Structure formats: structure tokens, C-alpha cells
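Numbering (my numbering), first residue to last: 229 to 564.
First the structure, in the form of C-alpha cells, and then the observations on it.
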């Protein structure tokens with residue numbers, strides 16, 4: 229008796245295969261591979277994680293939200309020490325925090341977390357220099373790039389990078405085309421480009437970009453609406469947003485760019501109040517800004533729909549209150 233090959237059987241129209249009712253078994257050389265390994269390493273669940281803050285004592289708390297919903301953040305775990313001005317970025321599974329400031333000492337620590345789980349941070353390695361004020365970090369799915377920020381005895385325009393799924397010290401990437409810049413207005417990325425905007429030392433409205441998979445100096449992208457610093461950025465694959473800041477314009481202004489092009493930023497809308505040093509994260513549809521100072525320290529979280537223009541809407545509250553918040557997500561624009 230010959231084998232019955234069901235992959236050759238179709239209905240009368242030839243458009244579909246057979247439907248079997250009841251219990252059946254399959255023995256074939258073509259097969260489906262089921263997911264394996266711990267579920268926390270499968271990534272991309274739509275979480276945003278916020279870390280640290282200053283109020284005026286520094287916070288060691290991390291908390292998280294599900295970006296597609298609204299509501300208050302949930303405790304994630306703790307940093308190794310209280311810190312603020314952390315630079316956050318991520319792959320779909322691992323979140324990275326670059327060195328922040330703890331009010332008593334500069335630090336060159338890099339930490340990581342598994343975003344889909346909860347708990348404390350793990351040591352990743354060290355940055356090239358100790359820092360007290362992050363310039364911001366961005367990433368694609370493989371590589372994270374950070375602008376150093378202020379360090380003893382001066383300030384720096386150095387860019388450095390790590391490979392996210394490994395551990396180890398950072399490596400020199402290149403330079404921003406301006407010296408003495410720290411506390412950027414914000415940073416963000418697509419899967420190919422990283423963006424660094426604004427900053428202090430002196431205050432600037434310059435926006436620069438890099439190609440993340442290469443190394444080399446950043447190139448001019450365009451200008452912000454004004455010289456501004458101490459904000460945060462986030463993005464989907466197409467559009468980058470910069471939210472909060474300390475410039476001469478009202479700090480509630482949200483600006484946006486199209487990452488694949490070059491040119492000046494444009495007005496997107498407003499946060500609900502003038503805010504400095506919030507932390508941002510994004511999904512493919514939403515951008516979130518959390519915490520900050522107005523100058524009253526706040527724990528509020530707000531969101532916008534990235535593809536549209538308009539003012540931010542209340543999302544919920546952080547577990548802790550303060551400014552200098554580091555934000556990241558496992559579904560941001562740098563992951564494609």
C-alpha cells in the first residue's frame with residue numbers, strides 16, 4: 229500500500245488543504261520548533277522601566293509600566309545604590325543603565341537588568357570615565373552608544389559603546405562635533421541611527437547623529453527649537469521625540485524629528501507642565517515621560533501618540549518622586 233501524502237490533497241477549488249477532525253498524529257521531516265529556554269529571555273513585551281531620581285536624596289528604586297495601558301508604575305527592583313542622571317537604553321530582552329550620580333561621588337558603573345523579569349541590577353562593566361551627569365544613551369538590538377557627559381576634571385564630547393548581550397567595559401566610538409557638552413536635551417534611535425540633541429556646556433540647540441553599527445564621529449543633523457538641556461528622548465522606528473528640558477523656551481514643549489532624514493526639529497505639543505529632567509521611553513505607538521522637577525519634584529507619567537501631534541495625556545504615577553530619571557523599554561524604535 230502506498231503512502232497517502234496529505235500535502236498533495238486539496239479541496240475542489242485547489243485553494244486549501246484537508247481538515248481532519250478528532251485525534252491525529254504527524255510524522256514528517258518538516259516540523260515546527262517550539263520556543264525553548266526561560267520565558268524572560270524571549271523579549272519584546274512592551275514594558276517601560278524607569279530608574280533612579282533625586283528628591284533631594286537620591287533614589288535607588290526602579291519601577292515599570294506596560295506602555296500600551298495606563299496606570300501607576302509597579303516596583304521592579306533596586307539599583308545597587310541611589311543615583312540619578314542615569315542613561316538608559318535596551319535590546320528586546322536586556323536593559324542597560326550607564327553611570328549616574330549619587331551626590332557624593334562620580335561613578336563609571338554600567339548595570340543591566342532582564343526587562344521581562346523583576347529584581348535588582350547586575351554589574352555589566354565600566355564606562356571609559358567616571359560621570360556625574362549623563363548625556364544620554366541610545367541603542368539598536370545589538371549595540372548601545374553613550375555620550376559620556378560631565379566627568380572629573382572637566383567635560384567630554386566622547387562617545388562610547390558596548391555590545392548589549394555581553395558584559396565588559398565600554399569602548400571608544402568617536403566624538404560629538406562639539407566639546408564640553410553634558411546633560412543632553414535627549415537621545416533616541418532607529419535601528420540604524422542614533423541621535424543626540426542639545427546639551428549644556430555651553431547650552432546648545434545642535435542635533436547630531438551616528439550610524440550605530442559603525443564607529444566614528446557624529447555628524448550634524450539639524451537644530452532644536454532653542455538651546456536646551458536636561459531632558460530626555462524616545463522614538464519609534466520613524467520619529468524621535470524630545471521631552472522636558474531646561475532651556476529658555478517653556479520646558480513643557482515636546483519636539484520631534486524624522487530620524488531617517490536630517491533637518492531641524494518641529495513642535496509636537498506640550499507636556500501638562502513645565503518639566504525638567506524627566507525620563508522617557510517608547511513603543512512603536514507611544515512615547516512616555518516620567519518624573520522630573522517643575523521645580524516641585526513630581527512622580528507623574530504622561531504619554532503621547534508618536535504618529536500624531538498633540539499634547540501629552542496623564543498615564544499614571546511612578547513609585548518614587550524625583551528628577552534625573554533614566555528610562556528604557558523593550559519595544560523602542562531602535563529595535564526595528
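C-beta atoms are modelled at their ideal positions from N, C-alpha and C, and glycine is treated no differently.
No experiment lies behind these values; they were computed from the predicted model shown.
Would you mind working out which of 392, 442, 402, 314 sits nearest residue 384, comparing C-alpha positions? On the chain shown, residue 384 is found 156 positions in, with the first residue counted as 1. Relative to residue 384, the option among 392, 442, 402, 314 whose CA is nearest is 402.
For a minimum of 3 consecutive residues, which ranges assigned as the beta strand (DSSP E) are wholly contained in the region 412-438? Complete beta strand (DSSP E) runs here, min 3: 414-417, 421-427.
Since residue 323 is in the beta strand (DSSP E), which residue starts that stretch and which ends it? The count along the chain shown starts at 1 and reaches residue 323 at position 95. It spans 322-326 - the beta strand (DSSP E) in which residue 323 sits, taken as one unbroken run.
Tell me, which residues are paired with residue 388 by DSSP? Walking along the chain shown from the start, residue 388 turns up at place 160. Answer by DSSP bridge pairing, in chain order: 374, 400.
Should residue 481 be labelled buried (16 or more other beta-carbon atoms within 10 Å of its own) or exposed? Here residue 481 refers to the residue found at position 253 when the chain shown is read from its first residue. Residue 481 comes out buried.
Buried versus exposed, by CB contacts within 10 Å (16 or more), residue 464: Stepping through the chain shown from its first residue, residue 464 is reached at position 236. Buried, since its Cβ has 16 or more Cβ neighbours within 10 Å.
Give me the residue from 456, 308, 336, 345 with the minimum Cα distance to residue 558. Indexing the chain shown from 1 puts residue 558 at position 330. Looking at the Cα atoms, 345 is the closest of the given residues.
Measure the alpha-carbon distance for residue 519 versus residue 507 and round it to whole angstroms. Residue 519 sits at position 291 when you count from the first residue of the chain shown. Residue 507 sits at position 279 when you count from the first residue of the chain shown. Between residue 519 and residue 507, the C-alpha separation is close to 7 Å.
Identify, in the order they occur along the chain, each residue of the same chain with its Cβ nearer than 8 Å to the Cβ of residue 355, setting aside the five sequence neighbours on each side. Within the chain shown, residue 355 is the residue found at index 127, counting from 1. These residues qualify, in order along the chain: 326, 327, 336, 337, 338, 374, 376, 388, 397, 398.
In three-state terms, what does DSSP make of residue 563? The residue you call residue 563 lines up with position 335 of the chain shown. Three-state DSSP puts residue 563 in a helix.
Measuring alpha carbon to alpha carbon, tell me which residue in 411, 437, 412, 413 is nearest residue 422. Position 194 of the chain shown, counted from the first residue, corresponds to residue 422. Taking the Cα of residue 422 as reference, the smallest distance to any Cα among 411, 437, 412, 413 is reached at 437.
State the Cα-Cα distance for the pair residue 418 and residue 468, rounded to the nearest angstrom. Locating residue 418 in the chain shown gives position 190, counting from the first residue. Locating residue 468 in the chain shown gives position 240, counting from the first residue. One alpha carbon belongs to residue 418, the other to residue 468, and they sit about 8 Å apart.
Please check if any C-beta of chain C sits within less than 7 Å of the C-beta of residue 292. The displayed structure is made up of one protein chain only, and chain C is not part of it.
In the DSSP assignment, find the unbroken beta strand (DSSP E) run with residue 275 in it and report its ends. Your numbering for residue 275 matches position 47 in the chain shown. Where residue 275 is concerned, the enclosing beta strand (DSSP E) starts and stops at 275-282.
Hey, is residue 456 close to the ligand ADP, as in C-beta under 6 Å from one of its heavy atoms? Summarising the ligand content, the structure contains no ligands, and the ligand ADP is consequently not present.
Please identify the residue among 551, 493, 302, 311 whose C-alpha is closest to the C-alpha of residue 453. As a position in the chain shown, residue 453 is number 225, starting the count at 1. Considering only alpha carbons, the answer is 493.
May I ask which residues mark the beginning and end of the beta strand (DSSP E) holding residue 346? Numbered from its first residue, the chain shown carries residue 346 at position 118. Annotation for residue 346: no beta strand (DSSP E) segment contains it, and DSSP assigns it neither H nor E.
How long is the line joining the alpha carbons of residue 392 and residue 512, rounded to whole angstroms? On the chain shown, residue 392 is found 164 positions in, with the first residue counted as 1. On the chain shown, residue 512 is found 284 positions in, with the first residue counted as 1. Residue 392 and residue 512 have their C-alpha atoms some 21 Å from each other.
What is the rounded straight-line gap between the Cα of residue 541 and the Cα of residue 428? On the chain shown, residue 541 is found 313 positions in, with the first residue counted as 1. On the chain shown, residue 428 is found 200 positions in, with the first residue counted as 1. Whole-angstrom Cα-Cα distance: 29 Å.
For residue 445, I'd like the list of residues in its chain whose CB is within less than 7 Å of its CB, leaving aside the five on either flank, ordered along the chain. As a position in the chain shown, residue 445 is number 217, starting the count at 1. Correct list, in chain order: 402, 403, 405.
Would the beta-carbon of residue 416 fall within 7 Å of that of residue 475? Within the chain shown, the letter at position 188 stands for residue 416. Within the chain shown, the letter at position 247 stands for residue 475. It is not a contact, given that the beta carbons lie outside the stated cut-off.
Where residue 331 falls, given that 16 or more other Cβ within 10 Å makes a residue buried: Taking the first residue of the chain shown as position 1, residue 331 is located at position 103. Exposed: under 16 other Cβ atoms inside 10 Å.
Buried/exposed call for residue 552, threshold 16 Cβ in 10 Å: On the chain shown, position 324 is the one that residue 552 refers to. Its Cβ being crowded by 16 or more others within 10 Å, residue 552 is buried.
As a quick exercise: from 435, 554, 318, pick the residue whose alpha carbon is nearest that of residue 486. Within the chain shown, residue 486 is the residue found at index 258, counting from 1. Nearest to residue 486 by alpha-carbon distance, out of 435, 554, 318, is 435.
As assigned by DSSP and simplified to three states, the class of residue 486: The sequence position of residue 486 within the chain shown is 258, counting from 1. DSSP places residue 486 within a strand segment (E or B) once states are collapsed to three.
Rounded to whole angstroms, what's the CA-CA distance from residue 554 to residue 528? Just pull it up for me. Along the chain shown, one-based indexing puts residue 554 at 326. Along the chain shown, one-based indexing puts residue 528 at 300. If you take the alpha carbons of residue 554 and residue 528, they lie about 14 Å apart.
Identity of the residue in 372, 510, 497 nearest residue 536 by Cα: Taking the first residue of the chain shown as position 1, residue 536 is located at position 308. Distances from the CA of residue 536 to each of 372, 510, 497 were compared; the closest alpha carbon is that of 497.
Assuming residue 281 and residue 548 make a contact with CB atoms under 8 Å, what is their CB distance in whole Å? Looking up residue 281 in the chain shown gives position 53. Looking up residue 548 in the chain shown gives position 320. The Cβ separation is near 6 Å, so the contact holds.
Starting from residue 288 and walking both ways along the beta strand (DSSP E), at which residues does that stretch end? Counting from one through the chain shown, the residue named residue 288 turns up at place 60. In the DSSP assignment, residue 288 falls within the unbroken beta strand (DSSP E) covering 286-294.
In angstroms with no decimal places, state the Cα-to-Cα distance between residue 562 and residue 510. In the chain shown, the residue the question calls residue 562 occupies position 334. In the chain shown, the residue the question calls residue 510 occupies position 282. Between residue 562 and residue 510, the C-alpha separation is close to 10 Å.
When you compare the CB positions of residue 545 and residue 350, do they come within less than 7 Å of one another, or not? Sequence index remark: in the chain shown, residue 545 carries index 317 (1-based). Sequence index remark: in the chain shown, residue 350 carries index 122 (1-based). No, Cβ-Cβ distance for residue 545 and residue 350 is not below 7 Å.
Beta-carbon contacts of residue 439 that lie in its chain and below 7 Å, excluding the five residues immediately before and after: Against the chain shown, residue 439 aligns to sequence position 211. Here the set comprises 420, 421.
Leaving out five residues on either side along the sequence, give the residues of the same chain with a beta carbon under 8 Å from the beta carbon of residue 451. If you number the chain shown from 1, residue 451 lands on position 223. For residue 451, where only same-chain residues beyond five positions count, the Cβ hits under 8 Å are 433, 434, 435, 492, 493.
Helix, strand or coil: which one does DSSP assign to residue 467? Residue mapping note: residue 467 aligns to position 239 of the chain shown, counting from 1. Residue 467: strand per DSSP, three-state reduction.
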